[in-house]
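Undergrad:
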Amino acid sequence: MKLWTHPITFGLLALTLPCFAIAGEETEFPQEPAVAKAATPPATSEFATVEALVQALYQAVSFPAGTEPNWQRLKSMMGPKAIFVQPPRGGSKPMTLSVDEFIQLFKDDIERSPMKTSGFHEKVGRVEISRFGSLAHAMVVFEVRFDPKAEQPLGRGVDSLQLYRYDGRWWIASITTEYERPGKPIPATFHQQEGKKP
Numbered sequence: 006m007k008l009w010t011h012p013i014t015f016g017l018l019a020l021t022l023p024c025f026a027i028a029g030e031e032t033e034f035p036q037e038p039a040v041a042k043a044a045t046p047p048a049t050s051e052f053a054t055v056e057a058l059v060q061a062l063y064q065a066v067s068f069p070a071g072t073e074p075n076w077q078r079l080k081s082m083m084g085p086k087a088i089f090v091q092p093p094r095g096g097s098k099p100m101t102l103s104v105d106e107f108i109q110l111f112k113d114d115i116e117r118s119p120m121k122t123s124g125f126h127e128k129v130g131r132v133e134i135s136r137f138g139s140l141a142h143a144m145v146v147f148e149v150r151f152d153p154k155a156e157q158p159l160g161r162g163v164d165s166l167q168l169y170r171y172d173g174r175w176w177i178a179s180i181t182t183e184y185e186r187p188g189k190p191i192p193a194t195f196h197q198q199e200g201k202k203p
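Sequential numbering of the sequence shown, starting at 6, is according to the working numbering.
Now the structure itself:
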């Protein structure tokens with residue numbers, strides 16, 4: 006996922022597998038009113054499958070010129086204390102960001118880059134999903150463009166998403182991002198088969 010500046014400076018969704026669970030802390034989910042629980046089933050809607058959540062994620066961060074990402078939609082996909090792990094910017098240490106910190110950094114990048122006037126689009130390529138019970142991991146190869154109709158992408162990257170199922174739907178616990186760079190292409194094995202459905 007994105008935090009993309011121009012000239013190419015990467016850093017979107019980057020979350021590592023162990024980052025979400027913090028030792029000694031118990032995550033609390035928002036409680037629904039008792040009446041609402043009795044009247045309606047658990048929220049299954051558009052995030053009932055891992056595949057649907059992955060597609061919605063990249064739609065939320067993409068936007069046409071003169072607009073911005075759908076921040077509320079993005080937040081609705083993320084679990085409590087979810088994190089983004091971004092590639093380093095000007096150093097060797099990756100950035101670990103909360104959802105709000107990621108959004109603010111994204112907003113800052115939009116203001117100081119061509120994204121504000123050209124738009125920004127991430128296209129999902131291959132998706133590989135592994136799942137066991139209420140746990141899932143998705144490896145997503147994506148392409149970045151300002152103009153969605155451009156033949157060649159500005160760049161490509163890989164997101165590692167850790168997800169979990171709760172209350173009838175899937176949530177994102179973390180996203181870790183790495184970008185393709187000169188001398189560091191995305192491995193060919195990442196492109197060998199079609200994405201798997203959950």
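Glycine included, C-beta positions come from ideal geometry on N, C-alpha and C.
Classify Asp152 as helix, strand or coil using the three-state DSSP reduction.
TA: Reduced to three states, the DSSP call for Asp152 is coil.
Undergrad: What are the partner residues of Arg214, as DSSP defines its beta bridges?
TA: With the chain running from 6 to 203 in the structure shown, residue 214 is simply not present.
Undergrad: Pair every Cβ in the region 104–111 with every Cβ in the region 77–93, then say whether three or more of these pairs are closer than 8 Å.
TA: Result yes; three or more Cβ-Cβ pairs closer than 8 Å.
Undergrad: Check each candidate in Ser118, Gln167, Asp114, Gly160 and name the one with the smallest Cα separation from Pro187.
TA: Minimum Cα distance to Pro187 is reached at Gly160.
Undergrad: Quick one: what's got a C-beta closer than 7 Å to Pro99's C-beta in the same chain, skipping five residues either side?
TA: Once the five neighbours on either side are set aside, the close Cβ partners of Pro99 are Ala19, Val90, Gln91, Pro92, Pro93.
Undergrad: Out of Pro192, Tyr169, Glu183, which has the shortest C-alpha to C-alpha gap to Met83?
TA: Closest option to Met83, Cα to Cα, is Tyr169.
Undergrad: How long is the line joining the alpha carbons of Arg117 and Tyr184, rounded to whole angstroms?
TA: Each residue's alpha carbon lies about 20 Å from the other.
Undergrad: Could you tell me the boundaries of the beta strand (DSSP E) in which Glu127 lies?
TA: Here the beta strand (DSSP E) through Glu127 covers 126–137.
Undergrad: DSSP on Leu102, reduced to helix/strand/coil?
TA: Looking at Leu102 - three-state DSSP - the assignment turns out to be strand.
Undergrad: Give the range of the alpha helix (DSSP H) segment to which Met83 is assigned.
TA: Run containing Met83: none in the alpha helix (DSSP H); it sits in the beta strand (DSSP E), 83–91.
Undergrad: Using three-state DSSP, classify Ser123 as helix, strand or coil.
TA: Correct three-state label for Ser123: helix.
Undergrad: So, is Ser165 buried or exposed, given that buried needs 16 or more other C-beta atoms within 10 angstroms?
TA: Buried, since its Cβ has 16 or more Cβ neighbours within 10 Å.
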